[in-house]
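Chemist:
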Amino acid sequence: MIKSLELDCVEKLLFSDARIDRAELPLGEVAACYEFLREFAAEKVIYGINTGFGPMAQWRVDDRYLTDLQYNIIRSHSTGAGEPLPDLYVRAAMIARLGTLLQARSGIHPEVVDLLVEFINRGICPFIPEHGSVGASGDLVQLAHIALTLIGEGEVHYRGEWRPAAEVLRENGLAPMRIHIREG
1 MIKSLELDCV
11 EKLLFSDARI
21 DRAELPLGEV
31 AACYEFLREF
41 AAEKVIYGIN
51 TGFGPMAQWR
61 VDDRYLTDLQ
71 YNIIRSHSTG
81 AGEPLPDLYV
91 RAAMIARLGT
101 LLQARSGIHP
111 EVVDLLVEFI
121 NRGICPFIPE
131 HGSVGASGDL
141 VQLAHIALTL
151 IGEGEVHYRG
161 EWRPAAEVLR
171 ENGLAPMRIH
181 IREG
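This note's numbering applies: residue 1 is where the sequence shown begins, and numbers increase by one.
1. Suppose the cutoff is 6 angstroms on Cβ atoms and the five residues either side in sequence are ignored; what does the same chain contact list for Ala18 look like?
2. Going by other Cβ atoms of all chains shown within 10 Å of its Cβ, with 16 needed for buried, is Pro86 buried or exposed?
3. To the nearest angstrom, report how far apart Ile179 and Glu83 are at their CA atoms.
4. Helix, strand or coil for Leu143? Go by DSSP, reduced to three states.
5. For Leu37 versus Gly107, is the C-beta distance shorter than 8 angstroms?
6. I'd like to check one pair, Val168 with Pro126: are the Cβ atoms closer than 8 angstroms?
7. Out of Ile120, Val141, Asn121 and Ile124, which one is the CA nearest neighbour of Glu130?
8. Ile74 and Leu98 look like a contact to me (Cβ under 8 angstroms); what is the Cβ gap, rounded to whole Å?
Next up, the structure:
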C-alpha cells in the first residue's frame, strides 16, 4: 500500500482515520537490506556507518563506538528554531520517510519501520521546529527530530499536549528504538 506512496494512500492517512496495516508492509525486504548492510559493513569502510562525518570521513570509527556514533548524529542534528511545525506537516513528513524506508534501500533495521508506523497510527507527532537545515538535502534537521523521538528523547505532541517522548512511549507500551547500524 504505502510502498509506492500513491497520493490517495497519503491523503487517506492524513485526512481520515485510515491506519497503516503492518501486515501489508514489505518488512522482509527491509530486513534483508539491513542484513546485507550489516554483513557488508563488517568488512568495508562505509561513510557514516563506520567513519566520521565531514572532514573526519577518512577516519574509521572503532567498532566499540559505532552505536554511539549513530546516537550522536541524531542528537547533533536535532537543532533548529521557531515554532513547532503543525501536526499535519509532521505526519506528512513521517509518512514520506516511511515510504522511503519501505523501498528497502536504506539498510535500517525493521524496528524503525515498526515504531514509525506506531507513531503514525497513534497520532504521536514529534516536535520539529519550523526553521533549520543541515547539509544539501535540507531535511536532516527535520528527520533528526523524528529520529530523536523514536529513541525516546525530545518531545512529542500527543492528544493535544507537548510531552516527553519517553513518557508517551511508556504510556503506549512502546519501547524506544534501538540503534543497530544505520539508524542515525
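No residue lacks a Cβ here, since even glycine has one placed at the ideal position from N, Cα and C.
Modeler: In short:
1. In the sequence shown, residue 18 corresponds to position 18, counting from 1. If we look at Ala18 and ignore the five residues flanking it on each side, its Cβ neighbours are Lys12.
2. The residue you call residue 86 lines up with position 86 of the sequence shown. Pro86 should be labelled exposed.
3. Translated into positions along the sequence shown, residue 179 becomes position 179. Translated into positions along the sequence shown, residue 83 becomes position 83. Rounded to the nearest angstrom, the two C-alpha atoms are 29 angstroms apart.
4. Along the sequence shown, one-based indexing puts residue 143 at 143. Assignment of Leu143 by DSSP, reduced to helix, strand and coil, places it in the helix class.
5. As a working mapping, residue 37 is identified with position 37 in the sequence shown. As a working mapping, residue 107 is identified with position 107 in the sequence shown. Yes, the pair counts as a contact, with Cβ atoms nearer than the cut-off.
6. The residue given as residue 126 occupies position 126 in the sequence shown. The residue given as residue 168 occupies position 168 in the sequence shown. No; because the gap between Cβ atoms is not below 8 angstroms, this pair is not in contact.
7. Your numbering for residue 130 matches position 130 in the sequence shown. That would be Val141, whose Cα lies nearest to the Cα of Glu130.
8. Position 74 of the sequence shown, counted from the first residue, corresponds to residue 74. Position 98 of the sequence shown, counted from the first residue, corresponds to residue 98. 17 angstroms between Cβ atoms; not a contact.
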